[in-house]
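Notes to accompany the following structure.
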Amino acid sequence: MNHGFDTLAIHAGQDPEARTGAVIPPIYQTSTYAQDAVGAPRLGYEYSRSGNPTRDALQECLAALEGGPVGLAFASGLAAEDTLLRTACAPGDHVVIPDDAYGGTYRLFAKVAQRWGLAYTPAKVSDPDAVRAAIRPGTTKIVWVETPTNPLLGIADIATLAAVAHDAGALLVVDNTFASPYLQQPIALGADVVVHSTTKYVGGHSDVVGGALVAADAGLGEELRYHQNAMGAVNGPFDAWLTLRGIKTLGVRMDRHCDNAERIAAYLDGHAKVGQVLYPGLPTHPGHEVAAKQMRRFGGMISFRAAGGEEHAVEICNRAKLFVLAESLGGVESLIEHPGRMTHASAAGSPLEVPGDLVRLSVGIETVEDLLADLEQALG
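FYI, numbering that gives the first Met the number 0 numbers position 21 of the sequence shown as 20, with every residue one higher than the one before it.
This is the structure in structure tokens:
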């Protein structure tokens with residue numbers, strides 16, 4: 000029987016516990032497990048790096064929400080990314096990455112993976128021809144996509160880029176953090192692997208750090224599972240439990256995030272002290288039609304350029320009160336940041352450097368009139 004998204008979010012991997020009937024999966028706070036005999040672990044559990052029932056519940060739920068056969072949970076989004084790269088690539092290989100990528104992802108490629116011998120080329124992922132031109136035939140193993148991108152909210156056509164990647168014998172990897180599986184399901188559009196920082200919308204409450212991979216192919220999924228265990232960057236059972244609790248309300252939260260973001264984007268658009276609003280829900284956004292085709296709604300992230308330049312952007316961030324000045328995103332509370340000096344500082348001086356006048360909003364689920372009033376006073 001095919002269930003709807005919200006039903007899966009509440010029930011997938013979360014049957015009542017067999018011994019007591021507990022409705023919520025228990026926190027199996029253990030490092031090791033008694034075995035029934037030498038070489039005969041009970042239910043396959045030996046050691047919690049290799050397998051833990053609480054993490055397994057989360058992994059099954061993540062796979063169900065993204066529509067893939069294998070879901071894997073990690074200690075952070077970057078731990079998930081690193082595991083994926085070292086599973087699918089080897090020294091001498093090449094990856095195409097967005098020219099507008101999360102600063103931590105860029106740092107992983109530029110400062111860590113490149114030293115290991117993995118080359119990368121930034122490309123505008125909203126332009127399939129640019130991605131095609133960046134591919135090195137026979138060497139490119141992954142086309143890496145964010146959509147929407149972080150922080151400029153660019154939109155990539157997932158189905159088109161899947162064809163481009165597959166024609167070159169490469170995998171299409173989609174970082175779905177900004178959209179969440181509620182708004183967008185890349186595997187259904189041809190992606191091979193979906194990446195999440197579950198710290199963000201999936202967990203949704205700014206109280207737990209985590210990451211995830213969901214594979215479209217069971218064989219690749221098992222390779223990733225092997226490396227998950229071999230590399231060991233797993234999340235603990237309490238973190239898995241918190242993330243699973245957050246997932247239960249993902250659908251209803253995302254609808255409210257979108258409601259609020261649409262109101263705020265419309266308010267900012269045309270404001271005298273705002274130079275440009277970057278939000279795929281605006282008809283003027285260059286990726287609006289593609290986003291409308293592949294997303295349920297347009298998300299809770301907005302970026303805008305301050306009309307008064309970089310110092311004005313910094314002042315806006317410092318004057319905000321209800322919008323909390325902080326890194327990260329996707330929680331129930333609204334956040335504001337200056338990407339150039341905060342989340343994307345590692346990209347300074349690179350092709351991925353972001354404009355100094357950029358402000359990024361993670362729009363929460365508060366009363367939207369209060370958020371609008373806070374922005375009005377912050378804009379000055």
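Glycine included, each C-beta is placed from N, C-alpha and C at the ideal position.
- Burial check for residue 356: the Cβ neighbour count within 10 Å reaches 16 or more, so the residue is buried.
- Under the criterion of beta carbons closer than 8 Å, residue 108 and residue 232 do not qualify as touching, at roughly 17 Å.
- The three-state reading of DSSP puts residue 48 in coil, since its state is none of H, G, I, E or B.
- Nearest Cα to residue 267 within the set 246, 244, 301 and 151: 301.
- Here residue 19 is exposed. Its C-beta has fewer than 16 other C-beta atoms within 10 Å.
- Leaving aside the five residues that flank residue 322 on each side, the residues in its chain whose CB is nearer than 8 Å to its CB run, in chain order, 333, 334, 335, 360, 370, 373, 374 and 377.
- Sequence-distant partners of residue 26 (beyond 5 residues in either direction) whose C-beta falls short of 7 Å from its own C-beta, in its chain, are 53, 236, 237 and 240.
- With a cutoff of 7 Å on beta-carbon distance, residue 209 and residue 256 are scored as not near each other.
- The beta carbons of residue 272 and residue 319 sit no closer together than 7 Å.
- In this structure, the beta-carbon distance from residue 56 to residue 24 falls below 7 Å.
- Around the Cβ of residue 30, a 10 Å sphere holds fewer than 16 other Cβ atoms; the residue is exposed.
- Around the beta-carbon of residue 11, 16 or more other beta-carbon atoms lie within 10 Å, marking it buried.
- Cβ contact annotation for residue 28 (same chain, cutoff 6 Å, sequence separation greater than five): 236, in chain order.
- Straight across, the Cα-Cα distance linking residue 340 with residue 312 is about 11 Å.
- In the three-state reduction of the DSSP assignment, residue 120 falls in the strand class.
- Between residue 328 and residue 199, the C-beta gap is smaller than 7 Å, which places the two residues in contact.
- Per the coordinates, the alpha-carbon of residue 352 lies some 34 Å from the alpha-carbon of residue 66.
- Judged by their CB atoms, residue 173 and residue 193 are nearer to each other than the 7 Å cut-off.
- Bridge pairing for residue 195: 211 [DSSP].
- Counting other Cβ atoms within 10 Å of its Cβ, residue 115 stays below 16 and is therefore classed as exposed.
- Residue 376 carries a helical assignment under DSSP once its states are collapsed to helix, strand and coil.
- Annotated three-state conformation of residue 185 is helix, per DSSP.
- Rounded to whole angstroms, the separation of the alpha carbons of residue 242 and residue 9 is 12 Å.
- Counting C-beta atoms within 10 angstroms of its own C-beta, residue 22 has fewer than 16 neighbours from the protein chains shown and is therefore classed as exposed.
- When the Cα atoms are used, residue 144 and residue 124 turn out to be separated by approximately 7 Å.
- Closest option to residue 80, judged by alpha-carbon separation, among 112, 265 and 289: 112.
- In the DSSP annotation of this structure, residue 156 is not part of any alpha helix (DSSP H), being labelled neither H nor E.
- In terms of CA proximity to residue 207, 245 leads the group 245, 292, 189 and 219.
- Between the alpha carbons of residue 279 and residue 41 lies a distance of about 50 Å.
- For residue 185, the CB contacts under 7 Å within the same chain, skipping 5 residues up- and downstream, are 157, 173, 175 and 193 in chain order.
- In the DSSP assignment, the residues bridged to residue 174 are 145 and 194.
- Counting every other CB atom within 10 Å of its CB across the protein chains shown gives residue 101 a total of 16 or more, marking it as buried.
- Listed in chain order, the beta strand (DSSP E) elements of length 3 or more contained wholly in the region 249 to 320 are 273 to 277 and 300 to 305.
- Judged by beta-carbon spacing, residue 213 lies within the 7 Å limit of residue 70, meaning their Cβ atoms are closer than that value.
- A direct Cα-to-Cα measurement between residue 220 and residue 76 gives close to 17 Å.
- The three-state reading of DSSP puts residue 246 in helix, counting H, G and I together.
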